[in-house]
Amino acid sequence: TRIRRSGINISPSPSSKLQFGDKLILISRKDNIQQVIRIFGDDDKQLSNTDFLPIAAGIVLGILVGKLSLNFGSFSFSLGLTGGILLLALILGRTGKTGPIMWTMTGSANQILRQFGLLFFLASVGSSAGSSLVNTFQNYGIELFIYGIVITLIPMIITTIVARYFLKMNLLILLGTLAGSMTSTPGLATIDNMVDTNAPAVAYATVYPIAMVLLIITVQILSLLS
10 TRIRRSGINI SPSPSSKLQF GDKLILISRK DNIQQVIRIF GDDDKQLSNT
60 DFLPIAAGIV LGILVGKLSL NFGSFSFSLG LTGGILLLAL ILGRTGKTGP
110 IMWTMTGSAN QILRQFGLLF FLASVGSSAG SSLVNTFQNY GIELFIYGIV
160 ITLIPMIITT IVARYFLKMN LLILLGTLAG SMTSTPGLAT IDNMVDTNAP
210 AVAYATVYPI AMVLLIITVQ ILSLLS
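In this note's numbering, the protein residues as written are 10 to 235.
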């Protein structure tokens with residue numbers, strides 16, 4: 010009746026494809042359930058094992074993609090480290106399997122790696138930004154801080170009103186979309202700690218590459234106009 014994937018319930022259809030780690034919710038006689046188990050498996054130990062080769066290969070390939078740079082005269086475009094890894098992760102996750110290599114992970118392994126990644130990201134950003142925080146306030150005062158609040162809140166408020174009250178978007182998907190549109194990994198971490206579903210992370214991963222590309226292009230255009 011349902012396929013549960015990373016905390017999300019999916020209604021099955023004839024075109025549905027099962028992935029490693031999916032949980033099937035069935036309604037049937039007990040002997041039929043045993044036949045299904047023999048076909049699809051029900052080994053919790055196997056689900057808890059994590060193959061780090063696809064993870065390492067995906068990260069390395071993502072770094073290489075992020076380092077690619079397209080030059081158009083004085084305009085250059087590059088996805089960067091984060092954008093390259095995320096874009097390749099989306100492609101490999103959609104591919105699912107290449108020969109013997111399986112690119113998908115179980116929900117528990119995904120959650121652990123996501124938490125570690127977010128912690129390392131926050132530690133890196135905090136360390137680099139904190140070193141210049143005092144000098145920034147000394148040079149610009151509170152003015153730059155106020156500009157940042159206004160520039161951040163106005164687009165989010167407008168997007169929330171339109172998406173929630175006019176487009177009737179699900180609140181959790183909206184939160185993930187907002188975090189992705191702001192390329193805010195800390196925002197996603199906060200949402201993940203408050204909910205039990207993977208829906209915000211899916212929305213975040215969908216919107217983030219688009220926002221990253223537009224951000225890079227916009228910065229390049231503004232630098233040319235300045």
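Using N, Cα and C, we set each Cβ at its ideal position, and we do this for glycine too.
For N18: DSSP bridge partner residues:
Working through the sequence shown from its first residue, we reach residue 18 at position 9. Note: N18 sits in a beta bridge opposite R13.
Does any heavy atom of the ligand GTP sit closer than 7 Å to the C-beta of P109?
Ligands displayed in this structure: none; no statement on the ligand GTP is therefore possible.
I need the straight-line Cα distance from L180 to A98, nearest angstrom please.
Locating residue 180 in the sequence shown gives position 171, where the first residue counts as 1. Locating residue 98 in the sequence shown gives position 89, where the first residue counts as 1. Rounded to whole angstroms, L180 and A98 show a C-alpha spacing of 25 Å.
Three-state secondary structure (DSSP) of K177
The residue labelled residue 177 in the question sits at position 168 within the sequence shown. Coil at K177, not helix or strand.
For a quick check, are the C-beta atoms of A188 and I200 less than 8 Å apart?
Position 179 of the sequence shown holds residue 188. Position 191 of the sequence shown holds residue 200. With respect to I200, A188 sits close: the two C-beta atoms are nearer than 8 Å.
S232 to G82, Cα distance in whole Å?
For the purposes of this step, residue 232 is identified with residue 223 of the sequence shown, where counting begins at 1. For the purposes of this step, residue 82 is identified with residue 73 of the sequence shown, where counting begins at 1. Rounded to the nearest whole angstrom, the C-alpha separation of S232 and G82 is 14 Å.
Span of the beta strand (DSSP E), counted from its first residue to its last, around L33
Your numbering for residue 33 matches position 24 in the sequence shown. L33 -> beta strand (DSSP E) spans K32 to I34.
Which first and last residues belong to the alpha helix (DSSP H) in which N148 is found?
Position 139 of the sequence shown, counted from the first residue, corresponds to residue 148. Note, N148: alpha helix (DSSP H), L142 to Y149.
Grab me the residues of R11's own chain with a C-beta within less than 6 Å of its C-beta, minus the 5 sequence neighbours each way, in chain order.
Numbered from 1 along the sequence shown, position 2 holds the residue referred to as residue 11. The answer, listed in chain order, is N18 and I34.
Which term fits A132, buried or exposed, when burial requires 16 or more other beta carbons within 10 angstroms of its beta carbon?
Sequence index remark: in the sequence shown, residue 132 carries index 123 (1-based). Exposed: under 16 other Cβ atoms inside 10 Å.
Could you tell me if I94 is buried or exposed, where buried requires 16 or more neighbouring beta carbons within 10 angstroms of its beta carbon?
Along the sequence shown, read from residue 1 onward, the residue named residue 94 stands at position 85. Counting Cβ neighbours within 10 Å, I94 comes out buried, since at least 16 surround it.
Under 8 Å, do G75 and G50 count as touching if we go by C-beta distance?
Counted from its first residue, the sequence shown places residue 75 at position 66. Counted from its first residue, the sequence shown places residue 50 at position 41. In this structure, G50 does not lie closer than 8 Å to G75 by Cβ.
Which whole-angstrom value is the C-beta distance of P209 and L184, which I expect to be below 8 Å?
Numbered from 1 along the sequence shown, position 200 holds the residue referred to as residue 209. Numbered from 1 along the sequence shown, position 175 holds the residue referred to as residue 184. Contact holds; Cβ gap of about 5 Å.
N202 - DSSP class collapsed to helix/strand/coil:
On the sequence shown, position 193 is the one that residue 202 refers to. In this structure, N202 counts as helix in the three-state DSSP scheme.
Within 10 angstroms of the Cβ of Y156, are there 16 or more other Cβ atoms? Answer buried if so, exposed if not.
As a working note, residue 156 is residue 147 in the sequence shown. A residue is called buried when at least 16 other Cβ atoms come within 10 angstroms of its Cβ; Y156 does not meet this threshold and is exposed.
In the DSSP assignment, the beta strand (DSSP E) including L79 goes from what residue to what residue?
By one-based count along the sequence shown, residue 79 stands at place 70. Annotation for L79: the continuous beta strand (DSSP E) segment containing it runs S78 to F81.
Boundaries (first-last residue) of the alpha helix (DSSP H) holding T192
Within the sequence shown, residue 192 is the residue found at index 183, counting from 1. In the DSSP assignment, T192 falls outside any alpha helix (DSSP H), carrying neither H nor E.
Buried or exposed, going by whether 16 or more other CB atoms sit within 10 Å of the CB of A212?
Here the question's residue 212 lines up with position 203 in the sequence shown. Classification for A212: buried.
With DSSP as the reference, please indicate the residues paired to M114 in a beta bridge.
Here residue 114 is taken as the residue at index 105 of the sequence shown, counted from 1. DSSP, once it has assigned bridges, lists no residue as partnering M114.
Where does S85 fall in DSSP's three states?
Numbered from its first residue, the sequence shown carries residue 85 at position 76. If DSSP states are grouped into helix, strand and coil, S85 belongs with the strands.
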